[in-house]
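The sequence shown begins at 317 in the working numbering and counts up one residue at a time. Written out below as structure tokens is the structure these notes cover.
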Amino acid sequence: MNLSVLEQMARNGDMSVDALRYLLECKGECEWLDYKQALHIDTEKELCDFARDILAIKNMGGGYVVVGVEDKTWKPVGLSFTLPYDTKLIRDQVRRATGLDLEVDIVHHDIHVPSSSGKFALVFIRSSRKRSKRRTPTLCAKDFCHTKTYGLRRGEIYVRRGDSTIRLQHDSELVDLLERLEDQADHDSMTMAGPPSPFAVHDGLYRLLEKGFLKFIGRTEVRDQLLDVVTRDPRIWIINVHGPGGVGKSALVNWAVYEFYEKRSFESIIQLTAKEATLTPAGIRPHDRSLVSLENLLDQITLTFQHDPPDDLNEKKALTTQILSAWSTLIVLDNMETVRDGRILSFVQSLPPDTRAKVLLTSRQKSRGWELPFPVKELNVDDVQEFIQIRSREMRIDFPTDHNMAERTCLASGGLPLAIQWLLGRYKIRPDIDDVLASVGQKDSPILEFSFGNIWQVLPADARAVLAIMTIFDTPPTSQQISIATEYPIDRVEKALDDLAEVTLVTRNTQVSDGSVTYVSLPITLSFARNQLGSMGDFEVRSRERYQRFADQMRLHKTEISRFESTFEKYGLESDNEKRAALLCQKGESEMFRGNLDDAEMLFKQARELAPQSAYVWAMCASHELSRNRLGKAEEMIGEACRRATKKSGALCHTIKARIHFAQRDRDGRVSALARAVEFDPDDNVIRHQYGVALSINWRHEEAIKQFTIIIDRERQAEAPSRTLLMAYKTRMINLKRLRRESEYAIDLDTVKTLFEKYPYLKANADDFAEFLSPAGAE
């Protein structure tokens, strides 16, 4: 559990599926996180207990309650059914107990978690984003069951201390508690369990990882180039050493760090790694991280220069920036692809032009910013030869080390150090060079079989299929991309990925650039999987076709993007998640229109998972269910949409609700829904006309005439009459005729005739008035 991550999530109000996954992975409660196996607020005692927890979390700066987790054991078991509480009901109940209007929200998510039902509720309690404002506590504003031991009393202050909710006697205690908690969050990465110091060199202003962190052989040219790019141009202070996993990026950088240290090229060197696991010839081994968050990085720099880290983040950044402007410092950040805190890269990118720092990154991916990219490729023949010479001596084998053999080895292994290491180990057991070299590149390669054969046999069928299909992507895929290619539902894909992660065949990786989650496999793993994919019939061809079709759909023209931007503005879609979800809804409608029902279903489900708080998304999903004639689901979803409706999305939500009532033949419900839609957007003449028609069908003719009159009065102000004006006259005339108000009817009819004579372009609508313009209709 990383408290700084939890605090940031609470500040951002993140209620996505990924947020729930992280909270479940914490496997422990704290001031910002509470687990409950079930949630009941029907009795007074249950409501008091819940309201007390909400107040306590609010006073700690906001946080989460995850429902569906066993108390004390923290085992995710899930819920048997969706909780019967929505956001409005929960807020009303909390107000009833406390007298306070607190920002409490609830969503439900269905995700795959082994040995659970998969359904969880996520309750979010919002508080101030600024730490300074948390010093003023929120007090219980009323007495509720105050004569009972479990009751709430006016003026009480509740807080969280660890995993418990407690009552404070004075608000000064809250300040002390918050300061300790925030200090722990800022220093979380420094106080996690592990050795006192991760550094092998702790010399003055130098903090270096072990020299044997990864052994390095060869690449003389590359080594010289790296030393040169780091020191050559003072205007370039960020160098991104990138390449595939296992290719030797960390080893190369580690060698350079010790070179700089020995020559004292910098006044200070601080080397940190986010590596959680390291690849050895014996397999994947866990590795202690020394880089966790921005706060952790800033603290390490300030502590190295013997400054006490400030509590405030902005003050930390300012002090660190001053240090790096005063001292020639090399900052080494290894394995950046595993860092979930995108603020780290943002901070080093924002260093001022006068900084004296150099930042050396390693990552599997080439960054998309302006950092200087430094690619690391597979070993060349000369490097392979040097590798063989050194390893052969260490292993005491007589493996040939001439140039010709190096070429053959390089060809057979692809220049991957791990493959070469295995090859030498194989030779030590069976010294037949031709046999060993031939076996490496074959479909049934012994190195691949040795590493993955036994695991592959015990993997579930879905896990094998998902790992195999990962080989069709050029970059590490997301679960959504895999789902699109395989046509497996998201929860089925996630279960397969969980199975693969358990046996270390894939690693979940949060991108620092946009927060998206991708799944990474080592190149040698994908080589094995690619061979297996060839034996799966037409699975590869069909998967490629499906994904290509989806990719083509997502390539939007500029005009389409503009249309979507107007949608974002119209319905108040501001967050990136809401915008992406809106695009998924648009694509879902297109797939529905084409008859691709399963694809449409998947896209709408993905939209709900991405933005579960969006009224627009729920409304569009309800419209989709209505088009499938699934009225029960449509009613449930539009209810969720209307409860979350904003000023900008309210009209859409209630218009779709009216359509659902119409399908249910509920005339009163339709009228009520359209009345609410008009309240949200009184200037929309189309919605007002629908409202008038609904009133007319419900025999409320006077009210209908009033609505049509409002439209007519507005439209007559326009420079030229429109079809909207004609339709308003028509529907008003129908209602006037039903009420036998002949004189008013005759005036409207004459007005319409005059409009047709004066504006010839309106005659295209004359057929709509045939019944009125005929002699029989005019009587």
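Each residue gets a CB set at the ideal place from its N, CA and C atoms; glycine is no exception. Quick caveat: nothing in here was measured; it's all calculated off a predicted structure.
Would residue i and residue j qualify as a contact pair, given that the criterion is a beta-carbon distance under 8 Å?
i     : j     : result
L640  : L619  : no
T1047 : G1008 : yes
P430  : D814  : yes
A938  : A957  : yes
V439  : V410  : no
V836  : T823  : yes
L399  : V383  : yes
V833  : D334  : yes
S606  : L629  : no
Y1045 : K1053 : no
H1005 : M1043 : yes
F996  : H970  : yes
L610  : H623  : no
G731  : V752  : no
I554  : V545  : no
V655  : A590  : yes
S443  : G377  : yes
R860  : I749  : no
L468  : A326  : no
Take residue i as the anchor and find which of the options has the nearest alpha-carbon.
i     : options                     : result
R975  : G966, L395 and R986         : R986
L649  : W348, F663, R1056 and T454  : F663
D549  : E951, A567, A572 and A673   : A673
D426  : P392, D417 and P747         : P392
N696  : R535, E995, L588 and I1050  : R535
T671  : I647, E653, P689 and D657   : I647
T547  : Q638, H486 and S644         : S644
K374  : Y466, K361 and T481         : T481
A781  : S799, M1043, A979 and E951  : S799
A1010 : D387, S988, D369 and P625   : S988
L1055 : E905, V538, R924 and I1021  : I1021
I785  : I357, K388 and S851         : S851
Q980  : W772, G853, A326 and L947   : L947
Q616  : L1071, F515, Q1033 and F920 : F515
V569  : I552, P453, L524 and S708   : L524
K744  : C726, R712, T794 and K404   : R712
Buried or exposed: where does residue i fall if 16 or more other Cβ atoms within 10 Å of its Cβ makes it buried?
i     : result
W348  : buried
H462  : exposed
A867  : exposed
H558  : buried
E1073 : exposed
N720  : exposed
H940  : buried
T875  : Summary for T875: the model assigns pLDDT 46, below 50, so the residue's position carries little reliability, and this model does not support an answer.
Y351  : buried
W1015 : exposed
A801  : buried
R659  : buried
K579  : exposed
G344  : exposed
Y338  : buried
L530  : With a pLDDT of only 44 at L530, under the threshold of 50, the placement of this residue in the model should not be trusted; the figure read from the coordinates follows. That one is buried.
E925  : buried
S843  : buried
E341  : exposed
S679  : buried
What whole-angstrom Cβ distance do residue i and residue j have, given they're in contact under 8 Å?
i    : j    : result
V381 : Q353 : Not quite, the Cβ-Cβ distance comes to about 11 Å (not below 8 Å), so this is no contact.
A572 : L542 : 5 Å
F703 : P733 : 7 Å
G564 : V692 : 6 Å
C346 : D479 : 7 Å
I586 : F576 : Their Cβ separation, rounded to whole angstroms, is 12 Å, which puts I586 and F576 out of contact at 8 Å.
A779 : A728 : Not really, about 29 Å apart at Cβ, beyond 8 Å.
I954 : K973 : 5 Å
Check the DSSP bridge columns for residue i and list the partner residues they point to.
i    : result
N556 : L677 and P689
D650 : T589
Y380 : L349 and F440
I482 : V475
V833 : T826
P733 : Answer is none; P733 lacks a bridge partner.
S584 : T645
8 Å is my cut-off, CB to CB: does residue i come that close to chain D?
i     : result
D1083 : Reference to chain D is not applicable here, since this structure consists of a single protein chain.
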